[in-house]
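Okay, so here's the structure we're looking at.
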Amino acid sequence: MRAEDYLESIDFAATWKPDFSPLFENPRVFRALVLDLIRPFRGVEFDKIACPESMGFLLGAAVSAELKKGLIAVRKGGKLPNIKRNIVGQSFRDYSRQTLRFEVNKTLIKPGDKVLVIDDWLETGGQLKGLIKLLEKCGAIVIGISVLGCNTKSRFSQFLGGYQLHGILNYEGSKDRDLTQRLDRAIE
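Residue numbers (the working numbering): 11 to 198.
The following block contains the structure:
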């Protein structure tokens, strides 16, 4: 699907982050989105999909089912109903500059597991940086990151190094709070 085709299904009523949930209502659009998220990684060997709470869960689970790969659901701090000794955490700063925490059940990750990260959004990159640090702390090897919305001028790009980043709706910068304008310029 062309990037601009997704815009018709996104609710832009919010000024900071749009509501992507209408993409999931139309099965044709949702399936196209899943296929577009994985397209650049089709020939890459990996073991599992990792995704952060909450929109990442929807996308990651769909990608995991499509590829028949295991799923690592990374939770926000304090949400895992698990034995404490199995929980590994990593703090990070999100786009609002709040310090938050991700946690994962470390038994889901074997040392050397090759992991593809799936999420809905990369704005500043703080959340994805925290997620990658957590996965690597557990012994995973991150082979790439695929997101729907991607600020290609985020500070995260300095951190990228050897990680392959794929964004479907790419835009530069975040001065405009109106994402509609940013994405319209990106597609022109």
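In this text, a Cβ means the ideal position worked out from N, Cα and C, and glycines have one as well. All values derive from a computational prediction rather than experimental measurement.
Check your understanding: Using DSSP with H/G/I as helix, E/B as strand and the rest coil, what is Q137?
Key -> By 1-based counting over the sequence shown, the position of residue 137 is 127. Assigned with DSSP and collapsed to three states, Q137 falls in helix.
Point to revise | Own chain partners of L77 with C-beta closer than 6 Å, once the 5 adjacent residues on each side are dropped | key: Stepping through the sequence shown from its first residue, residue 77 is reached at position 67. Residues of the same chain with their beta carbon placed closer than 6 Å to that of L77 are lacking, with the five preceding and five following residues left out of the count.
Check your understanding: With respect to the beta strand (DSSP E) encompassing A60, which residues constitute its N-terminal and C-terminal limits?
Key -> On the sequence shown, residue 60 is found 50 positions in, with the first residue counted as 1. K58 to P62 is the extent of the beta strand (DSSP E) around A60.
Review point. In terms of residue numbering, what span does the alpha helix (DSSP H) encompassing Y16 cover?
Key: Position 6 of the sequence shown, counted from the first residue, corresponds to residue 16. For Y16, the enclosing alpha helix (DSSP H) starts and ends at A13 to L17.
Practice item. Could you check what DSSP says for I128 in three-state terms: helix, strand or coil? Key: Taking the sequence shown and counting its residues from 1, the one referred to as residue 128 is at position 118. Here I128 sits in strand by DSSP.
Review point. What is the DSSP secondary structure of K86, counted as helix, strand or coil?
Key: As a first step, residue 86 is located in the sequence shown; it is residue number 76 there, counting from the start. Strand at K86.
Check your understanding: Does the pairing of the stretch 12-26 with the stretch 48-62 give three or more beta-carbon distances under 8 Å?
Key -> The answer is no - the stretch 48-62 does not touch the stretch 12-26, with fewer than three Cβ pairs under 8 Å.
**Study point:** Residue ranges of each beta strand (DSSP E) within the stretch 148-178, 3 or longer
**Key:** Secondary structure within the stretch 148-178: the beta strand (DSSP E) runs of 3 or more consecutive residues, fully enclosed, are 151-161 (chain order).
Check your understanding: Within 10 angstroms of its Cβ, does E133 collect 16 or more other Cβ (buried), or is it exposed?
Key -> Locating residue 133 in the sequence shown gives position 123, counting from the first residue. With 16 or more Cβ atoms within 10 Å of its Cβ, E133 is classed as buried.
Check your understanding: Within the present structure, is the beta-carbon of F56 separated from the nearest heavy atom of the ligand SAH by less than 7 Å?
Key -> The ligand content of the structure shown is nil, which means the ligand SAH is not present either.
Exercise for review: Please work out which residues of its chain come closer than 6 Å, Cβ to Cβ, to G177, disregarding the five sequence neighbours upstream and downstream, and give them in chain order.
Suggested key: As a position in the sequence shown, residue 177 is number 167, starting the count at 1. Correct list, in chain order: V157 and C160.
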